[in-house]
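Down below is the structure, laid out as structure tokens.
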Amino acid sequence: MPDTSPTHPSPRAHRGPGPVPPTDGGSTLITDIGSLVTNNPDLGAGPLGLLTDAALVLDGGTVAWVGPAAAAPAADQRVDAEGRAVIPGFVDSHSHLVFAGDRTAEFNARMSGRPYTAGGIRSTVVATRLADDDTLSANLTTYLTEMLRQGTTTVETKSGYGLTVEEEARALRIAAAHTDEVTYLGAHVVAPEYADDPAGYVDLVTGPMLDACAPHARWVDVFCEQGAFDGDQARAILTAGAARGLIPRVHANQLTAGPGVQLAVELGAASADHCTHLTDADVAALADGSTVATLLPGCEFSTRAVYPDARRLLDAGVTVALSTDCNPGSSFTSSMPFCVAVAVREMGMTPDEALWSATAGGAEALRRTDVGRLTPGSAADVVLLEAPSHVHLAYRPGVPLVRDVWQRGVRVPATH
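Numbering (our numbering), first residue to last: 2 to 417.
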């Protein structure tokens, strides 16, 4: 869990999941915190920068002060945590939220023994194309609200369920109204109209579609996998996106060991996502490079697939992020606490490592220095748990432990 600072902070102001209301106009002291995770080792113990009997002050949408409760300065408002734990807002760096319909039948079939493949994406493409803007925006808002109430204050989301120039640009415009972390994923699968001409579809993705989508996105992504795009196609798509100022990230090595991870490292991608099937060379490349390995345990849970070996990556010195991969096909969960619990139970992570990866790790995957931490100057994205320690996120899986959330210093209405 390195404490390195990404070198490419977001060029735009953070909005996170959903439109953020204006700040309250005054400072807030949260005091009597039993356990405060700062993710800054200079402020507290270990990689989590853990403080006990702590307090923090939020002012103007940022963290203004962190330290012992006994030394806390005065503020306009005071919140008594009564010994509960406080953690940074979760940073979900991989989701697919602009879509219509669901894939209940596919899930039911999979739970009855049918294996998961990339082909199911096309059924969501049909439903998404038929939906109007208001429907897609309302669906997106619903999932972002779910995320926020479960403690997620920063969200990346992608296109990828339109697969035409107009539909991909529409998805990105809708996404960009809610978050600055928007990813162009025209290369999710080959569009059905190009089933017999995948090279023609790559030309579309790297040409007219890119021209229409680049102004609305920060990132470019590709599903580099059997049934989607091979290494040469992925390289062409990512290189074209980078030439238009988009930063690469890659769906890599989800279903098979393939070229995705090493291509991501070679091209300086911010993250390689999934990382389920890795060779020793893949792990070494990630350890030697700057690309974050983003693991998506909800996907393996929902597809009954083998989980990625987080322990192997961490022991090699790889920076690891955790995200939900919220999408209608392979991981229809919006809960980062759930993903933390699964990562601890199934992927060899400690509770400390899983929390770091779901907060600071996600920030690293988005090349952000302002989120995923609670340190003076960082975003006032704060989660108060109904528990004395962050360990309860894994210790009590499935229990709604998020008591309160502040996003950019604004308190989100209580959920229970």
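Ideal Cβ placement from N, Cα and C applies to all residues, glycine included.
Could you pull the start and end residues of the beta strand (DSSP E) that residue i belongs to?
| i | result |
| --- | --- |
| G68 | T63 to P69 |
| T29 | T29 to L37 |
| S272 | S272 to H275 |
| P249 | I248 to A253 |
| T376 | T376 -> no beta strand (DSSP E), and no H or E assigned at all. |
| L296 | V293 to L296 |
Tell me whether the beta-carbon of residue i lies closer than 9 Å to the beta-carbon of residue j.
| i | j | result |
| --- | --- | --- |
| V223 | A215 | no |
| T153 | D93 | yes |
| S405 | L375 | What sits at residue 405 in the sequence shown is Asp, not Ser. No. Outside cutoff. |
| Y308 | T277 | yes |
| S324 | F302 | no |
| T1 | L145 | Any answer about residue 1 is impossible in this case: the structure gives the chain only from 2 up to 417. |
| I248 | A271 | yes |
| V87 | L49 | no |
| G318 | A288 | yes |
| A322 | P89 | no |
| R346 | P389 | no |
| D229 | V190 | Note that residue 229 is Ala in the sequence shown, not Asp. Yes. Within cutoff. |
| L344 | F91 | It is Ala, not Leu, that sits at residue 344 in the sequence shown. No, Cβ-Cβ distance for A344 and F91 is not below 9 Å. |
If you follow the alpha helix (DSSP H) that residue i is part of, which residue opens it and which one closes it?
| i | result |
| --- | --- |
| L173 | V166 to A177 |
| S138 | D134 to R150 |
| C340 | M337 to E347 |
| P216 | Careful: P216 lies outside any alpha helix (DSSP H) and carries neither H nor E. |
| T240 | G232 to A244 |
| D283 | D281 to D289 |
| R313 | A311 to D316 |
| P116 | Looking at the DSSP string, P116 is not in any alpha helix (DSSP H), and its letter there is neither H nor E. |
| D77 | It is not in any alpha helix (DSSP H) - D77 carries neither H nor E in the DSSP assignment. |
| E267 | G261 to E267 |
| Y396 | H393 to Y396 |
| R1 | Past the boundaries of the shown model lies residue 1; the chain is included only from 2 to 417, so the question cannot be answered. |
| G201 | P199 to T207 |
| L356 | P352 to W357 |
| V127 | I122 to L131 |
Decide if residue i is buried, meaning its Cβ has at least 16 other Cβ atoms within 10 Å, or exposed.
| i | result |
| --- | --- |
| V127 | exposed |
| P23 | Low confidence applies here, because P23 scores a pLDDT of 39, under 50, leaving its location unreliable and the question unanswered by this model. |
| S335 | buried |
| R150 | buried |
| G246 | exposed |
| E157 | buried |
| D198 | exposed |
| D251 | A quick correction: the sequence has Val, not Asp, at residue 251. Buried is the call here. |
| N328 | buried |
| L164 | buried |
| Q78 | exposed |
| P338 | buried |
| D274 | buried |
| R305 | exposed |
| S96 | buried |
| L402 | buried |
| R409 | buried |
| G208 | exposed |
| Q227 | exposed |
Provide the residue(s) that pair with residue i in DSSP beta bridges, ordered along the chain.
| i | result |
| --- | --- |
| D405 | L385 |
| Y185 | V221 |
| R104 | Paired residues: none, contrary to the question. |
| N328 | S332 |
| P89 | V383 |
| S96 | C327 |
| D81 | T32 |
| R412 | W407 |
| D60 | T63 |
| E157 | E182 |
| V321 | A294 |
| L367 | Paired residue(s): none; L367 is not in a bridge. |
Considering Cα atoms alone, identify which of the options is closest to residue i.
| i | options | result |
| --- | --- | --- |
| T292 | E301, L279, A282 and L268 | L268 |
| T129 | A101, R111 and T136 | A101 |
| V506 | A178, L145, T180 and L186 | Given a span of 2 to 417 for the chain in the structure shown, any question on residue 506 remains unanswerable. |
| T136 | G121, A172, G161 and R123 | A172 |
| W66 | L44, E83, T53 and L49 | L44 |
| Y396 | A106, L57, A355 and A188 | A355 |
| G378 | G35, D60 and D274 | D60 |
| L98 | A306, E169 and A213 | E169 |
| T29 | A75, P42 and D283 | A75 |
| T39 | E194, L57 and A294 | L57 |
| D33 | A73, P42 and G27 | A73 |
| P42 | G68, G35 and G27 | G68 |
| D353 | H391, L367 and T370 | H391 |
| V413 | L394, D382, V400 and H393 | D382 |
| G330 | F108, H393, C340 and A71 | F108 |
Quick check: is the beta carbon of residue i nearer than 9 Å to any beta carbon in chain D?
| i | result |
| --- | --- |
| H252 | Absent here is chain D; the protein component of the structure consists of one chain. |
Closer than 8 Å to a non-hydrogen atom of the ligand GTP - does that hold for the CB of residue i?
| i | result |
| --- | --- |
| N109 | Ligands are entirely absent from the displayed structure, and the ligand GTP is therefore not among its contents. |
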